[in-house]
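Enquirer: Mind having a look at this structure? Questions to follow.
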Amino acid sequence: MSQRLGVVPTVGSLRRTILTDMTTREHHDTMLSETETSDILRRYELITAYGAPEPVVVDGVVFDLRCELDTEVWRPVSPLGFYGNLAALRGPRIAFPWTPDDWREAMQKEGELIEARAGSTVRIAMVTTANLATTFKDFEVPEGRERKLAYISVFSPDGSLKLAEPPLLILAETATAIQITMGNHAAAYRGLVAKLERETGLADLESMLDEPVEHWTKPQGPMTPAYGEALFALKDAISDGDEHAYAGFGYLMARAEAEAQLLEPASRERQAEIYRTRGTAARRRQSRTRTERLRDYAKLIQSENRSISLGACARAVAAIVAKDSTWKLSSDPKWISKHIKELFEIKQGTAQLEYKPGSQRTQGS
Numbered sequence: 001m002s003q004r005l006g007v008v009p010t011v012g013s014l015r016r017t018i019l020t021d022m023t024t025r026e027h028h029d030t031m032l033s034e035t036e037t038s039d040i041l042r043r044y045e046l047i048t049a050y051g052a053p054e055p056v057v058v059d060g061v062v063f064d065l066r067c068e069l070d071t072e073v074w075r076p077v078s079p080l081g082f083y084g085n086l087a088a089l090r091g092p093r094i095a096f097p098w099t100p101d102d103w104r105e106a107m108q109k110e111g112e113l114i115e116a117r118a119g120s121t122v123r124i125a126m127v128t129t130a131n132l133a134t135t136f137k138d139f140e141v142p143e144g145r146e147r148k149l150a151y152i153s154v155f156s157p158d159g160s161l162k163l164a165e166p167p168l169l170i171l172a173e174t175a176t177a178i179q180i181t182m183g184n185h186a187a188a189y190r191g192l193v194a195k196l197e198r199e200t201g202l203a204d205l206e207s208m209l210d211e212p213v214e215h216w217t218k219p220q221g222p223m224t225p226a227y228g229e230a231l232f233a234l235k236d237a238i239s240d241g242d243e244h245a246y247a248g249f250g251y252l253m254a255r256a257e258a259e260a261q262l263l264e265p266a267s268r269e270r271q272a273e274i275y276r277t278r279g280t281a282a283r284r285r286q287s288r289t290r291t292e293r294l295r296d297y298a299k300l301i302q303s304e305n306r307s308i309s310l311g312a313c314a315r316a317v318a319a320i321v322a323k324d325s326t327w328k329l330s331s332d333p334k335w336i337s338k339h340i341k342e343l344f345e346i347k348q349g350t351a352q353l354e355y356k357p358g359s360q361r362t363q364g365s
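Okay, so the sequence shown: first residue is 1 according to our numbering, each after it adds one.
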């Protein structure tokens with residue numbers, strides 16, 4: 001019993017466990033013992049107590065774990081009432097009537113141990129939010145970047161009220177990276193399945209994939225190729241019990257998530273670049289329109305003197321616009337030369353490079 005309570009199964013896996021055990025025992029003309037049946041049912045009640053709309057009574061202990069969290073998204077790392085390494089590290093030190101003596105001793109070494117005897121009521125007193133430090137936090141979905149800490153109170157039959165330490169760690173079901181870091185690979189797998197269910201719009205994928213393809217429900221909305229490949233890899237894993245297919249499923253889900261996360265910002269950047277290019281072109285057109293008069297003056301000056309240099313032409317244009325009361329821009333020759341430079345070309349063969357009037361093709365006339 002102590003080993004079985006240390007596992008964190010899903011409700012579906014518990015049901016399958018019961019049916020598998022009963023089928024196996026029937027084959028040998030035996031049935032589950034009363035103790036084994038009670039253990040399995042207790043595990044089921046402890047899992048479903050979190051998220052239940054009403055208090056749940058387990059072996060005389062009342063579990064009132066109602067809170068404002070979306071319990072379909074946020075799940076305890078280890079259900080309250082379970083014991084084992086994960087529960088000891090990520091849950092409050094509370095001993096229940098079914099807690100083995102060795103685990104009581106182990107928890108007492110870490111700090112105060114609160115007894116939740118039959119007749120006690122266990123409640124979530126408050127929930128706080130904290131940032132979640134993971135290696136891949138920048139690539140996590142928003143809920144995968146934070147954690148919830150549920151502080152558990154124990155109201156005993158004698159009227160005493162105590163707050164257990166440490167708080168119960170609650171993570172988003174899809175926080176795959178931190179689950180793997182914690183060694184909770186079963187939860188990480190369930191998180192990946194939950195992500196695929198969200199992408200496909202299909203509920204209870206594992207049960208559906210165990211059926212022939214012709215009985216499958218059609219996904220809601222389009223899927224990327226990577227998510228589609230992940231779906232069929234999961235089917236092979238479930239149908240054939242192929243552990244290599246499970247590895248392929250994990251790889252394809254990681255690839256699909258990376259593609260989805262990189263595609264969106266890349267698309268935004270591409271759209272932003274289009275807007276920047278349009279804005280730059282508009283500013284250039286506006287600037288060119290405002291300075292077109294300078295080039296018109298320069299062309300007239302070039303028509304009178306085909307050997308005039310860029311600098312001399314700029315000074316001549318500056319002298320003209322200085323007398324033009326409607327000209328509102330600069331009359332500095334250096335600034336003007338930048339805007340009429342396109343009308344000139346570099347002439348080779350002299351002691352130094354010189355800008356001379358260009359051909360009519362160069363001037364665009």
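Ideal Cβ positions, reconstructed from N, Cα and C, are used throughout, including at glycine.
Taking 8 Å as the cut-off, is the beta-carbon of I170 closer than that to any non-hydrogen atom of the ligand ATP?
Expert: The ligand ATP is absent from the structure shown, which contains no ligands of any kind.
Enquirer: Under the rule that 16 or more other beta-carbon atoms within 10 Å means buried, what is E199, buried or exposed?
Expert: Classification of E199: buried, given that the 10 Å Cβ count is 16 or more.
Enquirer: Could you tell me the distance, in whole angstroms, from the CA atom of E345 to the CA atom of K328?
Expert: Each residue's alpha carbon lies about 28 Å from the other.
Enquirer: N85 CB to nearest chain D CB: under 9 Å?
Expert: Considering every chain present, this structure includes no chain D. It has just one protein chain.
Enquirer: Which whole runs of the beta strand (DSSP E) in the stretch 30 to 96 are 3 residues long or more, in chain order?
Expert: Within the stretch 30 to 96, the complete beta strand (DSSP E) runs of at least 3 residues are 56 to 58, 61 to 64, 74 to 76.
Enquirer: Since F96 and G111 are thought to touch, with beta carbons under 8 Å apart, how far apart are those beta carbons, to the nearest angstrom?
Expert: Actually they are not in contact, since the Cβ atoms of F96 and G111 sit about 17 Å apart, beyond 8 Å.
Enquirer: Which residue wins for smallest C-alpha separation from W103, given the options A116, A87, D240?
Expert: Closest option to W103, Cα to Cα, is A87.
Enquirer: Taking only the alpha-carbon atoms, compute the straight-line gap between D324 and S330 and give it to the nearest angstrom.
Expert: Straight-line Cα distance between these residues: approximately 12 Å.
Enquirer: Measure the Cβ-Cβ separation of Y151 and I124 and say whether it is below 9 Å.
Expert: In this structure, I124 lies closer than 9 Å to Y151 by Cβ.
Enquirer: With burial defined as no fewer than 16 other Cβ atoms inside 10 Å of the residue's Cβ, what is the status of M253: buried or exposed?
Expert: M253 should be labelled buried.
Enquirer: Beta-carbon within less than 6 Å of K195's beta-carbon, same chain only, minus the 5 sequence neighbours each way: which residues are those?
Expert: Closer than 6 Å at Cβ, skipping near neighbours: T174.
Enquirer: For R290, tell me which candidate among H339, A52, T71, R66 has the shortest Cα-Cα distance.
Expert: Nearest of H339, A52, T71, R66 to R290, Cα basis: H339.
Enquirer: Which residue or residues does DSSP assign as beta-bridge partners of M126?
Expert: Looking at the DSSP assignment, M126 forms a beta bridge with Y151.
Enquirer: Once DSSP output is grouped into helix, strand and coil, what is the label at A203?
Expert: The answer is coil: DSSP assigns A203 none of H, G, I, E or B.
Enquirer: Below 7 Å CB to CB, which residues in the same chain sit around A226 once its five sequence neighbours on both sides are set aside?
Expert: Closer than 7 Å at Cβ, skipping near neighbours: L252, R255, A256, E259.
Enquirer: So if DSSP puts T121 in a beta bridge, which residue, or which two residues, is it bridged to?
Expert: For T121, which the question treats as bridged, DSSP gives the partners V62, F155.
Enquirer: Applying the 10 Å Cβ sphere with the 16-neighbour rule, what's the burial state of Q179?
Expert: With 16 or more other Cβ atoms within 10 Å, it is buried.
Enquirer: Rounding to the nearest angstrom, what Cα-Cα distance links Q302 and I308 in this structure?
Expert: Looking at the two C-alpha atoms, the distance is approximately 7 Å.
Enquirer: Skipping 5 residues on each side, what residues in its chain have a beta carbon closer than 6 Å to that of T128?
Expert: Counting only Cβ-Cβ distances below 6 Å, and skipping sequence neighbours, we find L149.
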